[in-house]
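Structure, as structure tokens:
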Amino acid sequence: MKQIATLVTPQPDTIEIKPFDPSSAKEIEKAIKNSDLSIAPIIDGKIIRLNIPALSGERRKQLVAQAKHIGEQTKINIRSIRRDANKHLEKQQKDKLITEDEMEKGRKQIDDITREYTNKVDVVVKSKSDEIMLE
Numbered sequence: 016m017k018q019i020a021t022l023v024t025p026q027p028d029t030i031e032i033k034p035f036d037p038s039s040a041k042e043i044e045k046a047i048k049n050s051d052l053s054i055a056p057i058i059d060g061k062i063i064r065l066n067i068p069a070l071s072g073e074r075r076k077q078l079v080a081q082a083k084h085i086g087e088q089t090k091i092n093i094r095s096i097r098r099d100a101n102k103h104l105e106k107q108q109k110d111k112l113i114t115e116d117e118m119e120k121g122r123k124q125i126d127d128i129t130r131e132y133t134n135k136v137d138v139v140v141k142s143k144s145d146e147i148m149l150e
């Protein structure tokens, strides 16, 4: 969005979008309407206004579910990186570039790093979920 418009928040519950090219306002409006934001954009001349409604209990639950989903996707990506790193270690050991002991040491380090970052994801998701439900 930063590449096609300026975003301004004149009030805590309002976002104003000022497209660099005013002719793109309709496209931006359409994209916002087609998103899952549940916000109705209002075109006011060269500015698109978004009035952000107070979060209902149901919307808060949806946002928490979305945060959890993003957290799970992030953990899947972390595990995918772990798998690739382990394959790289196996290839190095197969090519006799490292010993089996070095491979096992590398695997342990990879597992420790994976565990550390998946735990960080869990902490962030829990923190944000609590924040969403309390606001």
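Per the numbering used here, the very first residue in the sequence shown carries number 16; after that it's consecutive. Positions of the beta carbon are idealized from the N, C-alpha and C atoms, including for glycine. Note that this is a predicted model, so its numbers are computed, not measured.
Own chain partners of residue i with C-beta closer than 7 Å, once the 5 adjacent residues on each side are dropped
i    : result
G121 : L104
Sequence-distant residues of the same chain with beta carbon closer than 8 Å to residue i, five excluded per side
i    : result
I57  : I63, R64, L65 and N66
D126 : R97
Nearest neighbour of residue i, chosen from the options [CA to CA]
i    : options               : result
D145 : A55, P68, A82 and S38 : A82
F35  : I147, E44 and I19     : I19
Helix, strand or coil at residue i according to DSSP, with G and I counted as helix
i    : result
D137 : helix
T21  : strand
I96  : helix
L52  : coil
P34  : strand
D28  : coil
I57  : strand
With 16 other Cβ atoms within 10 Å as the buried cut-off, status of residue i
i    : result
G86  : buried
A40  : buried
V140 : buried
Per DSSP, the bridge partner or partners of residue i
i    : result
D126 : Its beta-bridge partners do not exist; DSSP assigns none.
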